[in-house]
Structure formats: C-alpha cells, structure tokens
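>
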Amino acid sequence: MTAPWIAQRCDEVVSSLPIERLPSAIIIDALPGWGASYFVTMWLQRIMDDPSCKPRETPYSDILWVQPKEQDRDTTSSKRRLKLSDFTLTVDQIRDAIQFMERTRQASSRRIAVLEAVETMSIAASHALLKSLEEPLDGGHWLLVTTAIDQLLPTIRSRCTVVPLRQAPHSVVHKWLIEQGVPINELEHLMYEHGDAPYKILESQDLERKPLRKLLLEVWKTRSLDLSVVEPLLQQEFDDLLIRWMRITERLYQNRRSPRASKFWDELIATRRAYHDASSINKQLHLERLLILWSRIR
C-alpha cells in the first residue's frame, strides 16, 4: 500500500542522507493522513537492507518503535471517544527507549529508536529525550515522527535534522486511490472532505464509514432531525470530524454565499476551540447542537 510519492521521497532522502552519514537525531515532519509510518518503514528497510523489516508491526533486532499510550481516564460513558490528548509518550517509554539505545547492538552496526507522534510527549518525557539528544551515542539514531512539529520543544528541534514529508499533487493521489479501489464516483468528494489526505480516505473506506457529506445531505432531506445520526459521528475522531465539516461548510458558502453558512462556520470554530481547551467535553451534546444548526442552513 506504499504510495509512489513515498517511494520517491525515500529515494531523495537516502540520496541526501547517506546511511554511512546518518544523523543521530531526525525529525520526520509530516502531514496527517499522508503515510508517515509507511515512509519511515520504507526508509528503515533501506537502512537495514532488509525488505522484511516492519518494526511497527513486528519486533525487529536493533530497532525499537514506540507508540503513544492511552492514559487512564474515566471510561464510564459508552459515548466516550478518544482524542489525541488521551494518548501520550510517557517518560517511562522514553527512558526504556534510552536504555534500548545504550545496549550492545546485535545484528547491525546501528540502533534506531522511532518515536511516533512525538508531539504527544509529556514534559518529563521531553526533558528525558532532550538529555539523550545532547549526548548522542555512536551508531545510535532517533527518528522522531510528528504531524505537529511546532509543538516540540525548540531545544529538541534544534538538535535534529528535519526531513519534511509533504503532500503529493492532486492528480497523482487521485490516480493512486482509484488503483486502491476507492469508488470513482465518490472520490472527488472524499478527497475534498479529507483535504486530499490519501490514508485518511483509505481508513474511512476500510471502516465502511459513510462520507460526512452524504450524512449531512440526509439531514437536510429529512423534515425532522433524527438525532440517531449522532451515533456514527461519535465513533470518529472529533477534531478531524470538525475539520472535515469545516471544509464542507466552506464549499457550501462558496457555492451559495449563504450568511447562515458563515455563521455555522463560526460555530464549528468555537466547538474546536472548546475541544482543545477543555480536558473533556460532552461531544454528543455538541454534535446534536451542530446538527440542529446545520439543518437550519438550508
């Protein structure tokens, strides 16, 4: 499922950062839904000269892949949906990774620790990592994967080589998604809704998730609002849902110049702000209110 632009970017990086001169710390600066984990996996396969190397899926000698842990929170509500801040790279995980890096290498001349979603590190974890970056080990390499590089400590960023992973042209993504079996009659709408992010589109297809645009059109078609439509929305990542809704609202405003669409946009912005500012919010209540307001735009 590795996309051609990822393979191309991997070739570029291998050329610009030869394996024998690999920096001790590298930040993979990616966009959400553009396949950062696929890129890192392909790069590791090139570094290790082993196409079977898939450390995110299977333990691999001399490579440690660390993913954020879900934090202990109230799970009494069946309506609970995890948000990104529910996941954190903990100080214990970073310390374990440091110990891994300090061990004797087994099958290769280098040791690599991959920290996924590194922007989720706790303060203590960030300081522990920073101390390790200040004292690089010979043959040790940190790969820090993030979709929010601005949230990293400046002192961490300054000690890393940044490798950007950006989006591919619309036409290239369109062709590749057709090859992956995404229905062509839905593709343009899906690409607009997801900001062209191909792996987000594939995820929605794998989960057999109804496109948000279709669901919102159904809300318009019904004379009375059926709030049962909230249930499938609660199963989706809340911030990503609001961003997709904003794109749809933007297109609605561009096509109709509706003042109500403009006001609804403001409601979406306010909801996103509340989501990010509060430790927890009643997502069901917010979604019900937004759907009621949406039904009145028409």
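Quick note on my numbering: the sequence shown kicks off at -12 and runs consecutively. Every residue gets a Cβ at the ideal spot worked out from N, C-alpha and C, and that includes glycine. Please read all numbers here as calculations on a predicted model, not as lab measurements.
Would you give the residue range spanned by the alpha helix (DSSP H) that residue 206 belongs to?
Here residue 206 corresponds to residue number 219 of the sequence shown, with the count starting at 1. Taken as a continuous stretch (DSSP letters only), the alpha helix (DSSP H) holding residue 206 covers 199 to 208.
> Using only the alpha-carbon positions, how far apart do residue 95 and residue 30 sit?
The sequence position of residue 95 within the sequence shown is 108, counting from 1. The sequence position of residue 30 within the sequence shown is 43, counting from 1. Their backbone Cα atoms lie some 15 angstroms apart in a straight line.
> Identify whether residue 169 lies in helix, strand or coil by the three-state DSSP scheme.
Counting from one through the sequence shown, the residue named residue 169 turns up at place 182. Coil at residue 169, not helix or strand.
> Are residue 131 and residue 13 close, meaning C-beta to C-beta below 8 angstroms?
As a working mapping, residue 131 is identified with position 144 in the sequence shown. As a working mapping, residue 13 is identified with position 26 in the sequence shown. Contact: yes.
> Taking the continuous beta strand (DSSP E) assigned at residue 288, which residues delimit it?
No answer is possible for residue 288: it lies beyond the span of the chain, which begins at -12 and ends at 285.
> Can you check whether the CB of residue 251 is closer than 8 angstroms to the CB of residue 152?
Here the question's residue 152 lines up with position 165 in the sequence shown. Here the question's residue 251 lines up with position 264 in the sequence shown. Contact flag unset, no.
> In terms of DSSP beta bridges, what is residue 108 paired with?
What you label residue 108 is simply residue 121 of the sequence shown in a count that begins at 1. Paired residue(s): 76.
> Note down, one range per segment and in chain order, each beta strand (DSSP E) of at least 3 residues found wholly within the segment -8 to 29.
12 to 17
> Mind checking whether residue 24 and residue 89 have CB atoms under 8 angstroms apart?
For this step, residue 24 is matched to residue 37 along the sequence shown. For this step, residue 89 is matched to residue 102 along the sequence shown. Cβ distance not < 8 angstroms, so residue 24 and residue 89 don't count as in contact.
> Let me check understanding here. Comparing Cα to Cα, which of 157, 58, 158, 121 lies closest to residue 109?
Taking the sequence shown and counting its residues from 1, one reaches residue 109 at position 122. When each option's Cα is compared against that of residue 109, the closest is 58.
> So, with DSSP's three-state summary, where would you put residue 56?
Here residue 56 is taken as the residue at index 69 of the sequence shown, counted from 1. Residue 56: strand per DSSP, three-state reduction.
> Among residues of its own chain, excluding the 5 on either side of residue -4, which ones have a beta-carbon nearer than 7 angstroms to its beta-carbon?
Here residue -4 corresponds to residue number 9 of the sequence shown, with the count starting at 1. If we look at residue -4 and ignore the five residues flanking it on each side, its Cβ neighbours are 26, 152.
> Based on DSSP bridge pairs, tell me the residues matched to residue 128.
As a first step, residue 128 is located in the sequence shown; it is residue number 141 there, counting from the start. Answer is 99.
> Using the rule of at least 16 other Cβ atoms within 10 Å of the residue's Cβ for burial, across every protein chain shown, is residue 214 buried or exposed?
Indexing the sequence shown from 1 puts residue 214 at position 227. That one is exposed.
> Closest by CA to residue 114, which one among 145, 129, 81?
In the sequence shown, counting from the first residue as 1, residue 114 sits at position 127. Per the Cα distances, 81.
> What are the residues that DSSP puts in a beta bridge with residue 47?
Here residue 47 refers to the residue found at position 60 when the sequence shown is read from its first residue. Answer is 50, bridged to residue 47.
> Need the endpoints of the beta strand (DSSP E) that residue 151 sits in, please.
In the sequence shown, residue 151 corresponds to position 164, counting from 1. Residues 148 to 152.
> Could you work out which residue in 16, 183, 8, 118 is closest to residue 138 when comparing CA atoms only?
Position 151 of the sequence shown, counted from the start, is the residue given in the question as residue 138. Cα-wise, what sits closest to residue 138 is 16.
> What is the rounded straight-line gap between the Cα of residue 118 and the Cα of residue 84?
If you number the sequence shown from 1, residue 118 lands on position 131. If you number the sequence shown from 1, residue 84 lands on position 97. Using only the alpha carbons, I get a separation of about 13 angstroms.
> Just curious, the alpha helix (DSSP H) that residue 254 is in, first and last residue?
What you label residue 254 is simply residue 267 of the sequence shown in a count that begins at 1. Annotation: the continuous alpha helix (DSSP H) that includes residue 254 extends over 246 to 264.
> Among the candidates 235, 36, 99, 228, whose CA atom is the shortest distance from the CA of residue 125?
Counting from one through the sequence shown, the residue named residue 125 turns up at place 138. The option with the nearest alpha carbon to residue 125 is 99.
> Is residue 149 buried or exposed, if buried means 16 or more other CB atoms sit within 10 Å of its CB?
In the sequence shown, the residue the question calls residue 149 occupies position 162. Exposed, by the Cβ-count rule.
> So residue 163 packs on residue -9, CB below 8 angstroms; how close in whole Å?
Position 176 of the sequence shown, counted from the start, is the residue given in the question as residue 163. Position 4 of the sequence shown, counted from the start, is the residue given in the question as residue -9. Confirmed, about 7 angstroms.
> Does the Cβ-Cβ distance between residue 207 and residue 282 come in under 8 angstroms?
Taking the sequence shown and counting its residues from 1, one reaches residue 207 at position 220. Taking the sequence shown and counting its residues from 1, one reaches residue 282 at position 295. Cβ atoms of residue 207 and residue 282: closer than 8 angstroms.
> If we ignore side chains and look at the alpha-carbon of each, how far apart do residue 79 and residue 273 end up?
Here residue 79 is taken as the residue at index 92 of the sequence shown, counted from 1. Here residue 273 is taken as the residue at index 286 of the sequence shown, counted from 1. If I take the Cα positions, the gap works out to 35 angstroms.
> Please name the residue, chosen from -11, 4, 270, 178, that lies closest to residue 198 on a Cα-to-Cα basis.
What you label residue 198 is simply residue 211 of the sequence shown in a count that begins at 1. The option with the nearest alpha carbon to residue 198 is 178.
> Which first and last residues belong to the alpha helix (DSSP H) in which residue -11 is found?
The sequence position of residue -11 within the sequence shown is 2, counting from 1. Per DSSP, residue -11 belongs to no alpha helix (DSSP H) and is neither H nor E.
> How would you call residue 91, buried or exposed, if buried means at least 16 neighbouring beta carbons within 10 angstroms?
Counting from 1 along the sequence shown, the entry for residue 91 is found at position 104. Classification for residue 91: exposed.
> Can you tell which of 253, 187, 237, 54 has its C-alpha closest to the C-alpha of residue 223?
Position 236 of the sequence shown, counting from 1, holds the residue named residue 223. Per the Cα distances, 187.
> If I'm right that residue 180 touches residue 200 with Cβ under 8 angstroms, what's the distance once you round it to whole angstroms?
If you number the sequence shown from 1, residue 180 lands on position 193. If you number the sequence shown from 1, residue 200 lands on position 213. That belief holds up - the Cβ atoms of residue 180 and residue 200 are roughly 6 angstroms apart, short of 8 angstroms.
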